[in-house]
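These protein sequence lines map, in sequence, to chains P and E. Counting in my numbering, the first sequence runs from 45 upward without gaps. Counting in my numbering, the second sequence runs from 457 upward without gaps.
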Amino acid sequence: MDKNSTSTWFALRNPVFFRLWLASVISGTFVSAQDVTATWLMHDLGASAFALSFMATAASAPFFLFTLPAGAIADIVNRKVVIVCAVLWQALCSVFLAIAAWTGLLAIPFVLGCIFALGIGLAFGAPVWGAIVPDIVEKEELPSAITLGGVQLNLSGIVGPALGGLLLPLLGAPLLISLNALTFVAVALVVLQWRPRQTFSSRLRENFTESFISSLRYARNSQRMKVILFRNVLFSVVISVIPSLLPVVALRECHASAAQLGLVFTCVGIGSLIGAVVALPFLRQRISPNAIISIAMLIMIVVLVAMAFVHHVYPLMVYATFAGAAWALAGSEIWIAGQRVMPGWVRGRMNSFQIMIGQGSMALAAIVWGVGANNLNVDITFAAAAVTALAALILGNRFSINFAAEALVEAAPISHEHAFPVAPDDDDGPVTVTIEYSILNDDREQFRVLMQEVQAICRRNGAFQCRLDESLEQPGSFRLEYIVSTWAEHLRQNMRMTIDETEVFEKVWELHVGDTEPSIRHFLSTQRFMHLEGFGFSGRTFVNTSRMPKPKARMVAATTDA
Amino acid sequence: MNSTSTWFALKNPVFRRLWLASVFSGTFVSAQDIAATWLMDDLGASSFLLSLMATAASAPFFLFTLPAGAVADIANRRTVIVVAVLWQAACSALLALGAWTRAVNPSLVLLCIFLLGVGVAFYAPVWGAIVPDIASKDELASAVTLGGVQLNLSGIVGPAFAGLLLPLLGVPLLISVNAVTFVVVALAVWQWRPRKDELLELRESFVESFVSSLRYARHSFGMRIVLFRNVLFSLVISIIPALLPVIALKEMQLSAVQLGFVFTCLAVGSLAGAVFALPYLRAHTSQNAITSISMMIMVCVLFTLALLRQLPTLMLCAFLAGVAWSLAGSELWVAGQRVIPGWVRGRMNAFQIMLGQGGIAIGALIWGSGVTHTGLTLTFSAAAIFALGVLAVGHRVSIDFAAEASVDAAPFTAEWNFPACPDHDDGPVTVTIKYTIAKEDRQKFYTLMQGVQAAIRRNGAFDCRLDESLDDPGQFRLEFQLSTWADHLRQTNRMTVDDRNVFNDAWDLHNADSSPTVHYYLSSQKCVFPNNFGFSGRTFSTTSTLPKRKYTVRPATL
């Protein structure tokens, strides 16, 4: 095994990661394999074409329904527990399916239900798995570990069906499904052995709604995240041509047999393995991530054009191999870029965004390509896909993801001591924070540019409002004001700061002129004491002594430690 | 003439001319409605088309009253009135022409009714808004009453008047007379020279005007009480116009002439209420007591109608209902006029009219379906019990505060010594006021600040917060935001005597050597373009977006 740190396999030297990764590969692959098996079962049961097409819906619907909530849960509860629960849930579903298959009690709705339930487990497991990787591995192992994580996610979907196709004739559906159930249990045992590091104190843990809202706020106010999600959409739209049109080309244009179709899909799998294992380490040493994606897109353009003219199954296999390689290259690089720009606290949620947006655009694009091939013409559809890939290539140059390589998203909590006479409670709020800067006229432009980023930082880490005002009495005196919903949210906001974000704040700090530092003030809203009468009956003002401020007898020195 | 007399304001010649014009105009519109109904019947319209008449007449109120209010507060009010009246004249002339030449059909009549309604919808809130500009301070109470009386009376007298004239003159002539009346009214209004108001440069746009009316209604306690009472009153009173014809025609089989008598009783009652009862009661009890008395009368009337149905009883009940109508209607309208400051008067009158009309329409629907499903006795009993409930609520939600409201403009005249004055459309503008408050004053301060925050919001701020410093407890910071600098100037101009008093009380609680510090900020939002899609993660810089105001120094003026 190559011990070079750019090697794809480098992180596997870490025993914990090795075990977990292997478990995850096996689990992912078997789920895909089982999908094939289930399709076969359905076919065996005499399902209609509609019921068969419904399979795909049953398998992918949980992703749309549960990935975002799963991400929100991943970031607030013990991630190990989530993974174990998700895997055991999948084991349970497989056992059900296996029992039914052995006893011959299968029915079509039952199979669909099991597929759906399995999908739920997968939807909960996927973002969490992505989120725990950086907790397990050492710093220098991280790029490799992330690649392996991305590779796993892509490979499972490619290798699984091939495996299913190979094993199904040998073992038969019931045995294969039973094996799958066993695999899940083994994975759960492996994960149980892992001892995660302690994260956030439970005092400051968000509840589910807060967690969900902060994920939306983060995605909305992080430019990097938005670029990556956009690139994900572009990539998914282009790559979705392969799974949706490959069978059409193979069966209709090349008149391939069922076995040959299986071979074509195996070629995609082999191509993606070659891409991840051979091409990726080589390219990564020499060129930037964005260039790797561009190469993948170039390959896709060539493949798509070639497919428009293919009439024989063997060249098709070659193209399929290249498409698989492109898939692995671009898919891994985009996934890695995402992992690199996500800070730990929101990783589960942002992974679920990535997965959902990727899956969503793939599903939508597949419909478009499918309709195009059906109603227009396969050649025209491929030409359109090639043009889309060209557009994606050009846009990809404009919206480069190379910034991800330099991103430093390790937590760098701000730990200034709050020396308040009376500490606010965690749920007191809204809390307003103001920072006053004095800026020279010459620095105005630079300040303006930096403050855009500062405002985005304040917002994505927890503020629901953030404004920059300039004093009318004293031009050049700027006031940044942001409002967070509770004091706990402010403490979390401080803890969420990353190295990059701290740097931006420091740069702004340096632009400040004056003898003293920029003054920071904290305010607590008095909204709690303001009870504007609902309907203002009789116009009298309303004094209710039970609404008097809580006696703050305890004089606590508040600190950010948590 | 005594100043509590209903007629006191008529000694003012301008007001007298305008009021008479307005009474004529209102009455003729109502009369014409009857004439139009007649015309429709004459043309052989179906009963569906006949019932559409009411819709055509009232729909413009729902559609145009609020925009009309917004227009009334930003355009020259005289122009609005003259245009609205001439518009009505044109509609009447069209209808009259059609009637003379027998070229009308039911749809044309409906269209004319609708267009006339548009004129009324624009006219009504503006007329309400100009009254306090015309009458002197001691005439105001009477003038406002007369305004309210006019609004109520036109609707009551008009139909009776039409019933009398229609057989004598015939439809075409009546409508032509009406058209001429409108022109006369327009001439009367044209002679009035209104005072100059607000600076032109600070005038709101239509959208701003509309938004500030919503903001005002939302943050003015007084206004909300008056509007709430208006809705309750309309729901109760709506049973009279809705069910009187049903009792008279369906239950008692009266003739058309007898029905006319019943309606005349209603009109006579309302006149008696306005002219005799109101001045007497006003001199002896509070406003809220007058509305309570009116509700009591309504309770009695409704119980009586639930039990007794003879012609004399019915006529007496109609008379009493008329009295109650004009008593409560006028008092609620007067209370509204007293709590509405001049700058928003057109719009708030529009709210009052719209909610009042809405209450009557919905009430009529409820009572009407009540009769169809449960019968007259049950419906009237239910209405009586509802009126009792309204009486109780009215006691709790009193409108007596209106008598003490001082809504005369008392503009703040802060002097700003800014190095560079912001342009009118610069914004959002943030203003902060810092107070130091002693511990024992805290509760009092909170109470006062509720009033301060409401005043700030209703006069133009879209956000207003009171925060306490965590670093320095006892230091409070009031912060409010306005969308433009012009909004802030308008806000300071809109402050009323009452608003100013609350501010001063809060100011007095400030517990330090210097006075509370006020700071002004202008948002940098205009020059900070958030990088919308964050293309390529690069930050975006062009020098052309530098703030323009920075280098032009103009004196800061109000």
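Even glycine gets a Cβ: it sits at the ideal position worked out from N, Cα and C.
Give the C-beta separation of E/Leu904 and P/Leu568 to the nearest angstrom, bearing in mind that I take them to be a contact with Cβ-Cβ under 8 angstroms.
Rounded, the Cβ-Cβ distance is 19 angstroms, inconsistent with contact.
Where P/Val282 and E/Ser665 are concerned, what is the direct C-alpha to C-alpha distance, given to the nearest angstrom?
50 angstroms
Buried/exposed call for P/Trp6, threshold 16 Cβ in 10 Å:
Past the boundaries of the shown model lies residue 6 of chain P; chain P is included only from 45 to 606, so the question cannot be answered.
Can you round the beta-carbon distance between P/Ala372 and P/Val347 to whole angstroms, since I take them to be within the 8 angstroms contact cut?
Contact flag wrong, Cβ pair sits at about 14 angstroms.
Under 8 angstroms between C-beta atoms of E/Asp954 and E/Ser862:
yes
If I'm right that P/Leu535 touches P/Thr478 with Cβ under 8 angstroms, what's the distance once you round it to whole angstroms?
With 8 angstroms as the limit, P/Leu535 and P/Thr478 do not qualify as a contact, their Cβ atoms being about 18 angstroms apart.
Which of the three DSSP states is assigned to E/Thr952 in this structure?
strand
Buried or exposed for E/Gln647, please, with buried defined as at least 16 other CB atoms from any protein chain shown within 10 angstroms of its CB.
exposed
Local conformation of E/Ala866 per DSSP, three classes
coil
Since P/Thr365 and P/Cys311 should fall inside the 8 angstroms C-beta cutoff, what is the C-beta to C-beta distance between them, to a whole number of angstroms?
With 8 angstroms as the limit, P/Thr365 and P/Cys311 qualify as a contact, their Cβ atoms being about 5 angstroms apart.
Could you tell me which chain P residues have their CB closer than 9 angstroms to the CB of E/Thr948, listed as they occur along the chain?
Simply none; closest approach about 14 angstroms.
Outcome for P/Asp79 when other beta-carbon atoms lying within 10 angstroms are tallied against a minimum of 16:
buried
Count the other C-beta atoms from every protein chain shown that fall within 10 angstroms of the C-beta of E/Asn988, then say buried if there are 16 or more, exposed otherwise.
Confidence at E/Asn988 is low in this model, with a pLDDT of 36, below 50, so its placement is unreliable and the value that follows should be read with caution. Under this definition E/Asn988 is an exposed residue.
Positions along the region 667–694 of chain E whose CB lies within less than 8 angstroms of some CB in chain P:
Phe677, Gly678, Arg680, Ile681, Phe684
Does P/Glu517 get closer than 8 angstroms to chain E when you measure Cβ to Cβ?
yes
Run down chain P in chain order and give the residues with a C-beta less than 7 angstroms from the C-beta of E/Arg933.
Phe567
What residues of chain P sit near E/Tyr579, judged by a beta carbon separation below 9 angstroms?
What E/Tyr579 touches in chain P: nothing, since even the nearest Cβ is about 31 angstroms away.
From the DSSP output, which residues share a beta bridge with P/Ile564?
P/Ile479
For E/Cys721, the three-state DSSP class (helix, strand or coil):
helix
Please name the residue or residues paired with E/Asp923 in a DSSP beta bridge.
P/Ser569, E/Arg933
If we cut at 8 angstroms on Cβ distances, does P/Glu514 have a partner in chain E?
yes
Could you tell me the boundaries of the alpha helix (DSSP H) in which P/Thr530 lies?
Note, P/Thr530: premise wrong, no alpha helix (DSSP H); not H, not E.
Select from E/Pro562, E/Gly819, E/Gly603 the residue whose C-alpha is nearest the C-alpha of E/Leu508.
With distances taken between Cα atoms, E/Leu508 lies closest to E/Pro562.
Helix, strand or coil for E/Trp463? Go by DSSP, reduced to three states.
coil
Using 8 angstroms as the Cβ pair cut-off and three pairs as the minimum, do the region 572–588 of chain E and the region 800–808 of chain E touch?
Touching, per the Cβ criterion.
Just to confirm the assignment, what range does the alpha helix (DSSP H) spanning E/Thr886 have?
Looking at the DSSP string, E/Thr886 is not in any alpha helix (DSSP H); the run it does join, the beta strand (DSSP E), is 885–892.
Of the residues P/Ile380, P/Thr546, P/Thr476, the one placed nearest P/Val498, counting alpha carbons only
P/Thr546
Can you list, in chain order, the residues of its chain whose CB lies under 6 angstroms from that of E/Val479, leaving out five sequence neighbours each side?
Answer for E/Val479: Gln606, listed in chain order.
Contact set between the region 474–487 of chain P and chain E, restricted to residues whose Cβ is under 7 angstroms from the partner:
Thr476
Using a Cβ-Cβ distance under 8 angstroms, would P/Val466 count as near chain E?
yes
Let me know if P/Thr147 comes out buried or exposed under the rule of 16 or more other beta-carbons within 10 Å of its beta-carbon.
exposed
Beta-ladder partner(s) of P/Glu514, from DSSP
BP columns for P/Glu514 point to P/Phe522, E/Leu978.
How about E/Phe617: is its C-beta nearer than 8 angstroms to some C-beta of chain P?
E/Phe617 does not count as touching chain P.
Find the residues of chain E that neighbour P/Phe522, judging by a C-beta separation of less than 8 angstroms, and give them in chain order.
Correct list: Ser980.
Does chain E have any CB closer than 8 angstroms to the CB of P/Phe397?
no
Three-state class that DSSP yields for E/Gln947 in the structure shown
helix
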